[in-house]
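Student:
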Amino acid sequence: MTKTISDVICPFCGTLCDDLVVTVSDDGTKLLDVENACAIGAEKFLHSQASDRVTRPRMLQEDGSAVEVSYDEAIEYTAQLLAKAKKPLMYGWSSTSCEAQSVGSEIAEQVGAIIDNTAAVCHGTTLVAVQNVGIPSCTLGEVKNRADRIIFWGCNPAHAHPRHMSRYSIFPRGYFTGKGHKNRKLIVVDPRTTDTSSLADIHLQVEQGADYELLQALRAAVRGQELTGDIIAGVPKAKVYESAELLKSGRFGVIFFGMGVTQSLGKDHNIDAAIMLTKDLNEYTKFSIIAMRGHYNVTGSGQVLGWQFGFPYSVDLSRGFARYNPGETGSIELLKRKEADAIMVLGSDPGAHFPIRCVREIANLPSVCIDPHITPTSEICKLHVPVAFVGVEVGGNCYRMDNVPIDSRKVVEPPEGMMTDEEFLRAVNTRITEIKAA
Amino acid sequence: MSAISINLISGRTIQQGVAMEGGKEKDKYRKACGIIEMDNEDFKKLGVMKNTNVEVTSAYGSVVVKAIEATQGPHPGVAFIPMGPWANTVVSDETYSTGMPTFKGTPVTIEPAPDKQVLPTIKLMRYNCWGEEQ
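As you go down the protein sequences, you meet chains V and D in turn. What the first sequence shows, in this note's numbering, is residues 499 to 936, in sequence order. What the second sequence shows, in this note's numbering, is residues 11 to 144, in sequence order.
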């Protein structure tokens, strides 16, 4: 016999789908099937069942091989590493629960670490822009029920947030949007023709890296000002005017934006301009803006760091109080300056997703990687601690991209004797307290 | 056959996402991310057949990937490597004091490398970090 669990939360992207149906074996030890999830979400659930999964910590040896060690040894190693370091970097936090993040913050405060999440290479510049100019936002429920004008700027949800369009932004029929996609107009801004832009009413194929110029031109066009030049940032002037009119004619519009604007030149200034465009459009109709957050709980990490220290990422506690200046205290700049003397990674994979110069620095530091998977990071860190999958084998609080908290659920038992990341961090925290007291 | 200069961007693809969740050490991940998507026009300029290995070089590093026809295009003059260790060997780490590397918009040169192989994930990491033999 099998058991079917409904309304399961998907721990992959910031859309945090909450309608998955998971089938598990009667004793709750095997996960057999996942329904309603996108291809990536389903793969995430099923990978927890891999036969070649690592279930005990491994220590990297001189010759490049890995030797299995006990969880107790791993706790001791991690506690010593963090307690002895002058300026340890504690990076990641986006693929775990708020409960674990909270314990991580406690450790960071005890050891005087720099604590940073994946916003550092994702929506960090968005957070800077929000601090600059504020953000008029809404929830995804409002988008589903009210929005009839959608912009995807520098993002490709067809690939990165596969169910976003069907659950919230384009196709669903909501309270005031009974005709579904028929009465929604979609503008996609992307230097490439993408699977998302193929659905668009207007595709603005912006010149790569010229988003700021196009955003400001659109702001001027919305206000009815004259634009000079026939082509603006690679887009014909007529199309800019057409887009401005389309946006103003809606009842409720939303701008979703992604890495295309946060990582291209201009960075936080691009987001400043996008938020100001939203503000301008509110003179004519109702408009909101939402960041397409990547990891399922990167938003939660920002929330936890926010209420602990007052800043959403790149928090430097090494002087005994919280400092924040992403261009200086962010992980990338810190590693480039070779300033950290130890690193702990949890719930992220900088080995795969940091520029190579920073990865090389990680590989040469005393290091711990806490991650359920074997990853490029786990393979260059001195110690790899596998833990239970949050959202699959242990529950916990997560925040959706629109800052709505949702409790993820445990659906299957982790392999026998395996720790969760929260348990591991609590043990490390207790040990650090002992070391500091001695 | 000659080298071409092109603007490189990186980002998510659904194949990259699925392969990543299935295990980054597996060959599926190499096949999903150890590629560069290029436009037909750029293939003609480079003078190689589709599915040929090429060497991508920037001011930050150099990596061998397989050149494939753009799955989402056209976008002449822009090349795309899915996010991952292959892309990150060549992307710009310049943050302009924002803390955010410039993952999109790195000038690179591409030259044919039919005799070189696309390294598997872990080998690439070890080679990049510690110079271990290919």
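Beta carbons: idealized from backbone N, C-alpha and C, even for Gly. Small disclaimer: the values here were computed from a predicted structure and weren't measured.
Can you tell me whether phenylalanine 650 of chain V is helix, strand or coil according to DSSP?
Tutor: Looking up residue 650 of chain V in the first sequence gives position 152. In this structure, phenylalanine 650 of chain V counts as strand in the three-state DSSP scheme.
Student: Which of the three DSSP states is assigned to threonine 918 of chain V in this structure?
Tutor: The count along the first sequence starts at 1 and reaches residue 918 of chain V at position 420. Coil at threonine 918 of chain V, not helix or strand.
Student: Quick one: which residues of the stretch 121-133 of chain D get their C-beta closer than 9 angstroms to a C-beta of chain V? List them in chain order.
Tutor: So the list reads Thr131, Ile132, given in the order they occur along the chain.
Student: Which two residues bound the contiguous beta strand (DSSP E) that contains threonine 513 of chain V?
Tutor: Translated into the one-based positions of the first sequence, residue 513 of chain V becomes position 15. Taken as a continuous stretch (DSSP letters only), threonine 513 of chain V belongs to no beta strand (DSSP E), as it is neither H nor E.
Student: Taking Cβ positions only, does glutamate 31 of chain D come closer than 9 angstroms to chain V?
Tutor: Your numbering for residue 31 of chain D matches position 21 in the second sequence. Taking Cβ atoms only, chain V reaches closer than 9 angstroms to glutamate 31 of chain D, which makes this a yes.
Student: Output the distance between the C-alpha atoms of leucine 775 of chain V and arginine 665 of chain V, rounded to the nearest integer angstrom.
Tutor: Within the first sequence, residue 775 of chain V is the residue found at index 277, counting from 1. Within the first sequence, residue 665 of chain V is the residue found at index 167, counting from 1. When rounded, the distance between both Cα atoms is 25 angstroms.
Student: Please tell me whether methionine 48 of chain D has its Cβ less than 9 angstroms away from any Cβ of chain V.
Tutor: Within the second sequence, residue 48 of chain D is the residue found at index 38, counting from 1. No, its Cβ sits nowhere closer than 9 angstroms to a Cβ of chain V.
Student: For histidine 657 of chain V, I'd like the list of residues in its chain whose CB is within less than 7 angstroms of its CB, leaving aside the five on either flank, ordered along the chain.
Tutor: Numbered from 1 along the first sequence, position 159 holds the residue referred to as residue 657 of chain V. Asp693.
Student: Distance, Cα to Cα, lysine 542 of chain V vs glutamate 31 of chain D?
Tutor: Taking the first sequence and counting its residues from 1, the one referred to as residue 542 of chain V is at position 44. Taking the second sequence and counting its residues from 1, the one referred to as residue 31 of chain D is at position 21. One C-alpha to the other measures close to 5 angstroms.
Student: Would you say arginine 22 of chain D reaches chain V, if we count a Cβ-Cβ gap shorter than 9 angstroms as a contact?
Tutor: By 1-based counting over the second sequence, the position of residue 22 of chain D is 12. True, the Cβ-Cβ gap to chain V drops below 9 angstroms.
Student: Using CA coordinates, which residue listed in D:Gly33, D:Ile14, D:Ala123, D:Pro117 is at the minimum distance from glutamate 51 of chain D?
Tutor: Position 41 of the second sequence holds residue 51 of chain D. If we check each option's Cα against that of glutamate 51 of chain D, D:Ile14 comes out closest.
Student: Histidine 679 of chain V versus chain D: which residues are under 8 angstroms apart at the beta carbon?
Tutor: Numbered from its first residue, the first sequence carries residue 679 of chain V at position 181. What histidine 679 of chain V touches in chain D: nothing, since even the nearest Cβ is about 20 angstroms away.
Student: Just the Cα atoms here: how many angstroms apart are glycine 894 of chain V and phenylalanine 53 of chain D?
Tutor: The sequence position of residue 894 of chain V within the first sequence is 396, counting from 1. The sequence position of residue 53 of chain D within the second sequence is 43, counting from 1. Rounded to whole angstroms, glycine 894 of chain V to phenylalanine 53 of chain D spans 49 angstroms at the Cα level.
Student: Please state if the CB of isoleucine 878 of chain V and the CB of methionine 93 of chain D are separated by a distance shorter than 9 angstroms.
Tutor: Locating residue 93 of chain D in the second sequence gives position 83, counting from the first residue. Locating residue 878 of chain V in the first sequence gives position 380, counting from the first residue. The answer is no: Cβ separation not under 9 angstroms.
Student: Just to make sure I have the definition right: I need the residues of chain D whose C-beta is within less than 7 angstroms of the C-beta of threonine 623 of chain V. Which are they?
Tutor: For the purposes of this step, residue 623 of chain V is taken as the residue at position 125 of the first sequence. Per Cβ cutoff of 7 angstroms: Thr108, Met110.
Student: Does DSSP put methionine 135 of chain D in a helix, a strand or coil?
Tutor: Position 125 of the second sequence, counted from the first residue, corresponds to residue 135 of chain D. Helix at methionine 135 of chain D.
Student: So, with DSSP's three-state summary, where would you put phenylalanine 750 of chain V?
Tutor: Residue numbering aside, residue 750 of chain V sits at position 252 when the first sequence is read from its first letter. The answer is strand: DSSP assigns phenylalanine 750 of chain V an E or B state.
Student: Verify whether the separation of the beta carbon atoms of valine 64 of chain D and isoleucine 132 of chain D is less than 9 angstroms.
Tutor: The residue you call residue 64 of chain D lines up with position 54 of the second sequence. The residue you call residue 132 of chain D lines up with position 122 of the second sequence. Contact flag unset, no.
Student: Could you tell me the boundaries of the alpha helix (DSSP H) in which lysine 36 of chain D lies?
Tutor: Within the second sequence, numbered from 1, the residue matching residue 36 of chain D stands at position 26. No alpha helix (DSSP H) contains lysine 36 of chain D, which DSSP labels as neither H nor E.
Student: Would you call the CB atoms of serine 829 of chain V and phenylalanine 852 of chain V closer than 9 angstroms?
Tutor: In the first sequence, the residue the question calls residue 829 of chain V occupies position 331. In the first sequence, the residue the question calls residue 852 of chain V occupies position 354. Yes, the Cβ-Cβ distance between serine 829 of chain V and phenylalanine 852 of chain V is below 9 angstroms.
Student: Could you give the residue range of the alpha helix (DSSP H) that holds valine 796 of chain V?
Tutor: In the first sequence, counting from the first residue as 1, residue 796 of chain V sits at position 298. Looking at the DSSP string, the run of the alpha helix (DSSP H) that includes valine 796 of chain V is 796-807.
Student: Examine chain D for any beta-carbon lying closer than 9 angstroms to the beta-carbon of serine 865 of chain V, and answer yes or no.
Tutor: Along the first sequence, one-based indexing puts residue 865 of chain V at 367. By this cut-off, serine 865 of chain V is not an interface position.
Student: Could you give the residue range of the alpha helix (DSSP H) that holds aspartate 524 of chain V?
Tutor: Working through the first sequence from its first residue, we reach residue 524 of chain V at position 26. Counting along the chain, aspartate 524 of chain V falls outside any alpha helix (DSSP H), and DSSP gives it neither H nor E.
Student: For glycine 676 of chain V, which of V:Met916, V:Glu705, V:Val704, V:Asp646 has the nearest alpha-carbon?
Tutor: Stepping through the first sequence from its first residue, residue 676 of chain V is reached at position 178. The candidate whose alpha carbon is nearest that of glycine 676 of chain V is V:Asp646.
Student: Any beta carbon of chain V sitting closer than 9 angstroms to that of aspartate 103 of chain D?
Tutor: Along the second sequence, read from residue 1 onward, the residue named residue 103 of chain D stands at position 93. Judged by the 9 angstroms Cβ criterion, aspartate 103 of chain D is in contact with chain V.
Student: Please report the distance separating the alpha-carbon of alanine 583 of chain V from that of isoleucine 605 of chain V.
Tutor: On the first sequence, residue 583 of chain V is found 85 positions in, with the first residue counted as 1. On the first sequence, residue 605 of chain V is found 107 positions in, with the first residue counted as 1. Distance between the alpha carbons of alanine 583 of chain V and isoleucine 605 of chain V: 13 angstroms.
Student: Is lysine 834 of chain V close to chain D, meaning its C-beta is less than 9 angstroms from at least one C-beta of that chain?
Tutor: Numbered from its first residue, the first sequence carries residue 834 of chain V at position 336. Yes - at least one Cβ of chain D is within 9 angstroms of the one on lysine 834 of chain V.
Student: What residue range does the alpha helix (DSSP H) around lysine 55 of chain D cover?
Tutor: Taking the first residue of the second sequence as position 1, residue 55 of chain D is located at position 45. Run containing lysine 55 of chain D: 50-56, per the alpha helix (DSSP H) assignment.
Student: Per DSSP, which residues does proline 689 of chain V bridge with? Please list them.
Tutor: Position 191 of the first sequence holds residue 689 of chain V. Answer by DSSP bridge pairing: none, since proline 689 of chain V is not bridged.
Student: First and last residue of the beta strand (DSSP E) that includes alanine 77 of chain D?
Tutor: The residue given as residue 77 of chain D occupies position 67 in the second sequence. It spans 72-79 - the beta strand (DSSP E) in which alanine 77 of chain D sits, taken as one unbroken run.
Student: Give, in chain order, every residue of the stretch 785-812 of chain V whose Cβ lies closer than 9 angstroms to some Cβ of chain D.
Tutor: Answer set for the stretch 785-812 of chain V: Gly792, Tyr811, Ser812.
Student: Mind checking glutamate 566 of chain V: buried by the 16 CB within 10 Å criterion, or exposed?
Tutor: Position 68 of the first sequence holds residue 566 of chain V. Label assigned to glutamate 566 of chain V: exposed.
Student: Counting only C-beta atoms, is lysine 528 of chain V closer than 9 angstroms to chain D at any point?
Tutor: Numbered from 1 along the first sequence, position 30 holds the residue referred to as residue 528 of chain V. Chain D contact via Cβ: absent.
Student: Leaving out the 5 sequence neighbours to the left and right, which residues in its chain are closer than 6 angstroms to glutamine 25 of chain D when beta-carbon positions are compared?
Tutor: Position 15 of the second sequence, counting from 1, holds the residue named residue 25 of chain D. Same-chain partners within the cutoff: Ala42.
Student: Apart from the five residues on each side of it in sequence, which residues of its chain come closer than 7 angstroms, Cβ to Cβ, to leucine 1005 of chain V?
Tutor: This structure cannot settle anything about residue 1005 of chain V, because the visible part of chain V is limited to 499 through 936.
Student: Quick one: any contact between the stretch 581-599 of chain V and the stretch 832-848 of chain V, if contact means 3 or more CB pairs under 8 angstroms?
Tutor: With a cut-off of 8 angstroms, the stretch 832-848 of chain V and the stretch 581-599 of chain V count as touching, because enough Cβ pairs lie within range.
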